[in-house]
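**Q** Quick one: the structure is below, questions incoming.
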Amino acid sequence: MPKYAVATVDEIPAGQRKVVEVAGRVVGIFNLEGEFFALRNTCPHQGGPLCSGRVTGFLHGQPGALVYSRQGEILRCPWHGWEFDIRTGQSWHNPARVRVRAYEVSVNEGPVEGPYKAESFEVEVRQQVVYVDIPGAPDMSEATGSG
């Protein structure tokens, strides 16, 4: 499966997000306390820009005994307020039937390689790079000779 470098770990601090275009898709990359997750930036309800929505948690329980949980793990669509689990893409209102596309995310050490080669020099790399797997997208590692 092709992997695309989208950011360094330092570019997306804990509790923050970065929206990027990857292989013709707009994807939001979220950092939940050092774990990275990626969601398609399209709400399945009416196509709203989901990843620009408010990140929140759940308020649940009974009157007089309400509990706020999963703070920073729920994404609310800015158009109509539909809520999605950032970790899985599942909707809160109907998790068995409605979800937003979630992508695999990995963090790897090392330099970022692109489709072009130029004269290079030895470099000491000190930051981690965030990669997103996009199923069905062209494999850029063949073009760069990396793998």
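Just remember that the working numbering sits 4 ahead of the position in the sequence shown, which is counted from 1. Beta carbons: idealized from backbone N, C-alpha and C, even for Gly. Because the structure is a prediction, the values reported are computed rather than measured.
Go through its chain and collect everything with a Cβ distance to glutamate 87's Cβ below 6 Å, but skip five positions before and after it.
**A** Excluding sequence neighbours, glutamate 87 sits near Ile78, Arg80, Trp96.
**Q** Look at isoleucine 33 and valine 59 and say whether their C-beta atoms are less than 8 Å apart.
**A** Result no, Cβ atoms of isoleucine 33 and valine 59 do not sit closer than 8 Å.
**Q** Count the other CB atoms, across all protein chains shown, that sit within 10 Å of the CB of asparagine 112; report buried if there are 16 or more and exposed otherwise.
**A** Burial call: exposed.
**Q** Mind pulling the beta strand (DSSP E) runs of 3 or more residues that sit fully within the segment 36–91?
**A** If we require 3 residues or more, the beta strand (DSSP E) runs fully inside the segment 36–91 come out as 39–44, 58–66, 69–80, 87–89.
**Q** Just verifying my parser: in three-state terms, what is the DSSP assignment at valine 26?
**A** Looking at valine 26 - three-state DSSP - the assignment turns out to be strand.
**Q** Does arginine 21 pass the burial test, meaning 16 or more other C-beta atoms within 10 Å, or should it be called exposed?
**A** Classification for arginine 21: buried.
**Q** What does the alpha-carbon distance come out to for the pair proline 119 and tyrosine 8?
**A** For proline 119, the pLDDT reaches just 39, beneath the cut-off of 50, and the residue's location in the model is therefore unreliable, although a value from the coordinates is still provided. Near 11 Å, if we compare the C-alpha coordinates of tyrosine 8 and proline 119.
**Q** Given this structure, state the Cα-to-Cα distance separating tyrosine 72 from glycine 57, to the nearest angstrom.
**A** C-alpha separation (whole angstroms): 19 Å.
**Q** Exposed or buried, which one is proline 17 when buried takes at least 16 other CB atoms within 10 Å?
**A** Proline 17 comes out exposed.
**Q** In this structure, does DSSP put glutamate 15 in helix, strand or coil?
**A** DSSP places glutamate 15 in helix when its eight states are reduced to three.
**Q** Do leucine 43 and alanine 106 have their beta-carbon atoms positioned less than 8 Å apart in this structure?
**A** Cβ atoms of alanine 106 and leucine 43: closer than 8 Å.
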